[in-house]
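Heads up: the sequence shown begins at 12 in the numbering used here, then just goes up one per residue. Cβ coordinates follow ideal geometry from the N, Cα and C atoms, glycine included. These numbers come from a predicted model, not from an experiment. To start, the structure under review is shown below, and the notes come after it.
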Amino acid sequence: MKSYWIESKKSKQYENLKENIETDICIIGGGLTGITTAYYLNQYKIRNIILEKDRICSRTTGHSTAKVTSQHGLFYKYLIDSKGEEFAKKYYEANEEAIKNIENIINQEKIECEFEKQSAYVFAQTLEGMQNIKDEIGAVKQIGGNVNLVEAQDIAINKIKKEENNPMKALIAIEFPNQAQFNVYKYGTGLAEICEKRQTKIYEKSKVIGMSEAEKGYEIYLENGSIVKTKYVVIATKYPIIDIPGYHFLKMYQETANVIVVDPKDKVLEGMYINEESPTISLRKIKDKDKDYLIVAGFEHKTGAKIDLSNSYEYLKKVAQNLYPKSEIKYQWNTEDCIPLDKIPYIGEFSKNMEHVYVGTGYKEWGMTTSNIAANIIVDKIMEKDNKYADIFSATRLEPIKNRKELGNMIKESVQSVIINKLKSPKETIEQLQENEGGIVEVDGEKVGVYKNEKGEIFKVKPVCQHLGCELSWNNLDKTWDCPCHGSRYDYKGNLIYGPSVKNLEKRE
Ligand SMILES: Cc1cc2nc3c(=O)[nH]c(=O)nc-3n(C[C@H](O)[C@H](O)[C@H](O)COP(=O)(O)OP(=O)(O)OC[C@H]3O[C@@H](n4cnc5c(N)ncnc54)[C@H](O)[C@@H]3O)c2cc1C
Ligand code: FES
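See the structure below:
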């Protein structure tokens, strides 16, 4: 489960918070959202701290494919149809501006992160997909966007292999020129180092478990007992760790996708690609000194879904080998991101009932630009400045809850997980579990989550999510306990990996 990005740099480590402190702005979460917010805050010379439960950029940020683009799949036709032309135009411009902002930061601060300009393509492999691409080109042009139609003979992916039966063969593509790619870990940790030289104090291994209103602001509670007093709070934990009054747990779920980095033993094509059809495959080159690697991502699924994941890396390897037959997997991992029910990120005030608390979440796997947009909006709100994009991302909007079909699915899933599954008796007994296998079994009349490792050692947990009590699913690929309700994930020993939960699982002897 090693990320190429995280292995590519030995980054600075920060101490954990061991005492009670006061600050003006407390940012919870040290991914790209938290760090970029701190960066822009420092322009105003305001005291701020980042509290990170693990290490800076060690979660979704350090595991992405790191395309910096305003092309978020085929999205602009959907936006015009569901939200109107003005909305779609603002969304496009906000993301284009974010690409420029990131480039400016890299140049001004001299962050070495292999930033390079590339075109981003969505390609179609079916007739229906071709039509969708043509519609999307019309939509992007309608809002004044810069976009090109690329015919099959000019798509680089088709030029790698001559065979007619190339399974990656693209029929047509939409090109967004002048987009970018980079090494996100070098960028994020580089930015963190710059922040730390200015007003930001960074604390790693400092998990927040709650907050409450206090005189002149808020008190933030850490797992080790330390308390931070602050005037403003920025929740940058990806999935908010505070449920009420934000209610984001009713407005989004999480999706996991798998990623591999291969040595293709060849020169890799230029450009960043994603297909229109399902299953989604996303790919791009990584330039590592004098060598090219290929990063391939896909196999998206709702976190905690009861599906067989065992072949997912093999599947991605086959995709790579279709293009470069000698490809060898060097790194593989997976990570997850939040998907809002109406597909628009939630950025801004956390709740109308909580003054001076802000959030940036729901980036639907396009967080490189969106985290920059979020940081700008949040800082403008704190500084009481207008931001022309703030209204379209409002985090307090209720429209997603009106998406009855999606909300219905989410509620059905939660009821299934919280009540129905818990009443069902498990099929397996502890003896029936093979080595290197896990599952829910009955022990002395109680349901227990069990993992048996290669040596036959047994690890037992209570298979109930510490967030809102859903029954967990066993993930035999990663050996994790995954929550189908809002996507919290725990390792086989019960240690929390991804929130919104803030607690480890209860152990069982
Ligand atoms: C497979 C995949 C590929 C992707 N590829 C791309 C791409 O090519 N381009 C793109 O634009 N986007 C991509 N994304 C999306 C992008 O990576 C994310 O949207 C973005 O990294 C989110 O950043 P973040 O800072 O909000 O979250 P994170 O990076 O997850 O940061 C949140 C931080 O908060 C910390 N935290 C959580 N709980 C607590 C707590 N209780 N106390 C303290 N700290 C806490 C976490 O440890 C974490 O470090 C991809 C996503 C996936 C899943
Ligand atoms: S993540 Fe919400 S109940 Fe598990």
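Not one heavy atom of ligand 1 falls within 7 Å of the beta-carbon of M263.
Taking 8 Å as the upper bound for CB-CB distance, I46 and Y243 are not in contact here, some 17 Å apart. Pairing N269 with G309 gives a Cβ-Cβ distance under 8 Å. Nearest neighbour of L28 by Cα position, chosen from T137, I171, E107 and K240, turns out to be K240. Remark: the C-beta of S22 is outside contact range of ligand 2, defined as less than 7 Å to any heavy atom. A contact is defined here as three or more CB-CB pairs under 8 Å, and the segment 373 to 388 meets this definition with respect to the segment 349 to 356.
At a threshold of 7 Å, R70 counts as near ligand 1, since its beta carbon sits closer than that to one of the ligand's heavy atoms. Relative to the Cα of K180, the nearest Cα in the group K197, E162, A191 and Y196 belongs to E162. Within the same chain, Cβ atoms closer than 6 Å to the Cβ of K13 are found at Y342, the five residues on either side in sequence being excluded.
The straight-line gap separating the alpha-carbon atoms of Y326 and L444 is approximately 26 Å.
Within the same chain, no Cβ atom closer than 7 Å to the Cβ of E226 is found once the five residues on either side in sequence are excluded.
Counting along the chain, E226 sits inside no alpha helix (DSSP H), nor does DSSP assign it H or E at all. Between P275 and A331, the beta carbon gap of about 7 Å places them in contact (Cβ cut-off 8 Å). According to the DSSP secondary-structure assignment, F187 is paired through a beta bridge with A131. Per DSSP, reduced to three states, the secondary structure at T71 is coil, with no helix or strand assignment. In the DSSP secondary-structure assignment, R295 is bridged to I306.
Rounded to whole angstroms, the Cβ separation of K101 and N189 is 19 Å, and the two are not in contact under 8 Å. Here S321 has N487 and L488 as same chain residues with Cβ atoms under 8 Å from its own Cβ, once five neighbours each way along the sequence are excluded. Annotated as distal: A191 and V368, with beta-carbon spacing of 8 Å or more. Relative to D254, the option among L479, C494, K458 and G419 whose CA is nearest is L479. Around the beta carbon of K302, fewer than 16 other beta carbons lie within 10 angstroms, which makes this residue exposed. Under the three-pair Cβ rule at 8 Å, the segment 256 to 268 does not count as touching the segment 138 to 146. M283 is classed as buried because its beta carbon has at least 16 other beta carbons within 10 Å across all chains shown. The beta-carbon distance between T211 and N53, rounded to whole angstroms, is 6 Å. This is short enough to meet the 8 Å contact definition.
Within the model, the alpha-carbon separation for N31 versus I238 is close to 5 Å.
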